[in-house]
Amino acid sequence: MIGKAIIFSAPSGAGKTTVVKHLLNVFPQLEFSISATSRKIRGSESNGKDYLYISAEEFRTKIENQEFLEWEEVYEDCYYGTLRSELKRIWQKNNIVVFDVDVKGGMNLKRIFGDNALAIFISPPSIEILEERLRTRSTDDEESIIRRVNKAGLEMHFSGHFDKVLLNNDLNETLKTAENWVKEFI
Ligand code: 5GP
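Listed below in structure tokens is the structure:
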């Protein structure tokens with residue numbers, strides 16, 4: 039069984055989570071694909087809602103058991119992956135699955151789903167603004183901020199592989215545009 043999917047990818051700090059959360063509130067037929075990760079739980083996150091937090095060893099076992107549709111070592115020693123069981127769970131309810139994944143993962147998922155997926159790349163106005171946002175978010179330490187900013191520079195080159203590029207300059211405008219695109223797709 040194959041249903042519809044909406045894929046969101048962006049450099050970390052581009053505002054992707056805000057956009058995804060907004061759309062999930064607006065459209066009841068959208069459902070978030072809860073990824074598994076080996077990174078530590080952060081701030082106000084909760085297990086089984088934002089992610090399924092597992093050890094690196096458990097993650098490797100799931101890779102061996104082919105439980106992932108795709109997975110990436112997004113940062114050194116931090117694994118993230120889309121569970122096949124999540125897709126099944128969401129599509130069984132006839133809902134549309136929403137992915138919040140890194141840029142490589144987004145391109146892989148788009149390749150898998152083709153026209154059944156709408157792939158949106160969220161772009162920050164600039165790398166400098168992205169760095170500023172990561173600092174004000176203050177959920178990451180300095181080392182992690184530097185890693186994320188460096189990675190963002192590389193990721194920006196891949197925006198052309200997505201169906202749509204959403205420039206997040208003014209948040210209200212960004213949310214409206216995202217709503218329109220999703221409405222068209224579903
Ligand atoms: P964060 O640590 O900020 O929650 O996530 C870091 C990056 O990993 C984000 O770009 C997020 O979208 C991405 N990510 C989360 N889950 C997955 C997943 O299942 N697969 C892939 N490839 N990336 C993911």
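Quick note: to get my numbering, add 38 to the position in the sequence shown (first position is 1).
Idealized CB from N, CA, C, for every residue including glycine.
The structure presented is a predicted model; accordingly, all values stated were derived computationally and were not measured.
Rounded Cβ spacing between E169 and V187 (contact assumed at less than 8 angstroms)
As a position in the sequence shown, residue 169 is number 131, starting the count at 1. As a position in the sequence shown, residue 187 is number 149, starting the count at 1. Right, their Cβ atoms sit about 5 angstroms apart.
Range of the contiguous alpha helix (DSSP H) that encloses G144:
Walking along the sequence shown from the start, residue 144 turns up at place 106. Unbroken alpha helix (DSSP H) run through G144: 141-151.
Comparing C-alpha positions only, which one of V57, A43, S50, I40 sits nearest to E166?
Start at 1 with the first residue of the sequence shown, and residue 166 comes out as number 128. Comparing Cα-Cα distances from E166 to each of V57, A43, S50, I40, the minimum goes to S50.
Taking 7 angstroms as the line, does the beta carbon of E170 fall inside it for any heavy atom of the ligand 5GP?
Start at 1 with the first residue of the sequence shown, and residue 170 comes out as number 132. Checking the Cβ of E170 against the ligand 5GP gives no.
Taking only the alpha-carbon atoms, compute the straight-line gap between K202 and V136 and give it to the nearest angstrom.
Counting from one through the sequence shown, the residue named residue 202 turns up at place 164. Counting from one through the sequence shown, the residue named residue 136 turns up at place 98. Their Cα atoms are separated by approximately 15 angstroms.
Please identify the residue among L107, A74, F196 whose C-alpha is closest to the C-alpha of N22.
Examination of residue 22 is not possible in this model, given that the chain is present from 39 through 224 alone.
Rounded to whole angstroms, what is the Cα-Cα separation between I83 and Q104?
Numbered from its first residue, the sequence shown carries residue 83 at position 45. Numbered from its first residue, the sequence shown carries residue 104 at position 66. The sequence given here has Glu at residue 83, not Ile. Each residue's Cα considered, the two are about 26 angstroms apart.
Cβ shell of Y117 (< 7 angstroms), same chain only, five flanking positions each side left out
Taking the first residue of the sequence shown as 1, we reach residue 117 at position 79. Once the five neighbours on either side are set aside, the close Cβ partners of Y117 are T75, S76, A94, F97, W109, E111.
Rounded C-alpha distance that separates A48 from K54
Along the sequence shown, one-based indexing puts residue 48 at 10. Along the sequence shown, one-based indexing puts residue 54 at 16. Going by the C-alpha atoms only, they are around 6 angstroms apart.
Considering only their Cβ atoms, is the gap separating N133 from P162 smaller than 8 angstroms?
Position 124 of the sequence shown, counted from the first residue, corresponds to residue 162. Position 95 of the sequence shown, counted from the first residue, corresponds to residue 133. No, Cβ-Cβ distance for P162 and N133 is not below 8 angstroms.
Rounded Cβ spacing between W219 and I160 (contact assumed at less than 8 angstroms):
Translated into positions along the sequence shown, residue 219 becomes position 181. Translated into positions along the sequence shown, residue 160 becomes position 122. So it is not a contact: roughly 11 angstroms between Cβ atoms.
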